[in-house]
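Written below as structure tokens is the structure these notes are about.
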Amino acid sequence: MNTKSFCACALAVCALLMCAGLFVPAAQAGEELAPGFDACAEKATSTAAQVECYTAAYTHWDKVLNANFKKAQGACADAMDAKQCRAALLKAQRLWIQYKEAMVEALYAMGSGGTMDSLTVGDFAARETRKQAQLLLAE
Numbered sequence: 014m015n016t017k018s019f020c021a022c023a024l025a026v027c028a029l030l031m032c033a034g035l036f037v038p039a040a041q042a043g044e045e046l047a048p049g050f051d052a053c054a055e056k057a058t059s060t061a062a063q064v065e066c067y068t069a070a071y072t073h074w075d076k077v078l079n080a081n082f083k084k085a086q087g088a089c090a091d092a093m094d095a096k097q098c099r100a101a102l103l104k105a106q107r108l109w110i111q112y113k114e115a116m117v118e119a120l121y122a123m124g125s126g127g128t129m130d131s132l133t134v135g136d137f138a139a140r141e142t143r144k145q146a147q148l149l150l151a152e
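Residue 151 in this note's numbering sits at position 138 of the sequence shown, with consecutive numbering throughout.
Next comes the structure, spelled out in structure tokens:
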């Protein structure tokens with residue numbers, strides 16, 4: 014594939030992901046990705062430093078996700094069938110993890126193999142984890 018074809022393909026994939034709400038660049042998000050993310054990103058002078066910012070954001074939301082999952086499991090006690098509720102919640106969470114991991118793999122595969130791929134994947138992983146953490150907290 015020549016460079017022009019690859020760029021057109023990459024732009025189409027990014028547009029598709031944005032339209033589907035799967036990828037929202039930090040500049041378009043409207044709110045800070047995680048506590049301290051904006052300050053970290055402003056200080057970042059290299060791609061590696063930017064990746065560290067995304068890693069910190071992901072780590073923050075992963076901790077929140079785990080806490081919210083435990084709260085959701087506890088809320089199953091009030092369900093008509095608590096055992097079925099917990100089983101369904103666990104199944105859904107495992108499937109969400111598979112989806113997130115598959116998308117990370119796909120984003121890397123669609124990338125150019127450069128350092129920007131790490132930023133794209135870091136952004137996706139942090140945002141999806143935040144979204145899932147917030148979803149689990151919803152009542």
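Every residue gets a Cβ at the ideal spot worked out from N, C-alpha and C, and that includes glycine.
Host alpha helix (DSSP H) of residue i (start-end)
{"i": "Ala98", "result": "Residue identity differs from the one stated: residue 98 is Cys in this sequence, not Ala. Where Cys98 is concerned, the enclosing alpha helix (DSSP H) stretches over Ala95 to Met123."}
{"i": "Asp130", "result": "Met129 to Leu150"}
Residues near residue i in its chain [Cβ-Cβ closer than 8 Å; skip 5 each side]
{"i": "Leu132", "result": "Thr60, Gln63, Val64 and Tyr67"}
{"i": "Lys56", "result": "Ala62"}
Beta-carbon proximity list for residue i, same chain, < 6 Å, skipping 5 on both sides
{"i": "Ala95", "result": "Cys89"}
{"i": "Asp130", "result": "Tyr121 and Gly124"}
{"i": "Glu141", "result": "Lys113"}
{"i": "Gly127", "result": "none"}
{"i": "Asn79", "result": "none"}
Cβ neighbours of residue i in the same chain (closer than 7 Å, five flanking residues each side left out)
{"i": "Ala139", "result": "Leu46, Ala47, Tyr67, Ala70, Tyr71 and Trp74"}
{"i": "Val134", "result": "Val117, Leu120 and Tyr121"}
Rounded distance between the beta-carbons of residue j and residue i, thought under 8 Å
{"i": "Met116", "j": "Phe137", "result": "6 Å"}
{"i": "Leu150", "j": "Lys84", "result": "7 Å"}
{"i": "Arg99", "j": "Gln111", "result": "So it is not a contact: roughly 19 Å between Cβ atoms."}
Alpha-carbon to alpha-carbon, residue j and residue i
{"i": "Leu102", "j": "Glu44", "result": "28 Å"}
{"i": "Lys76", "j": "Ser125", "result": "31 Å"}
{"i": "Arg107", "j": "Thr58", "result": "36 Å"}
{"i": "Gln97", "j": "Asp51", "result": "41 Å"}
{"i": "Gly49", "j": "Trp109", "result": "26 Å"}
{"i": "Met93", "j": "Gln145", "result": "24 Å"}
Checklist entry - Whole alpha helix (DSSP H) runs in the region 45-80 with 4 or more residues, listed along the chain? => result 50-56
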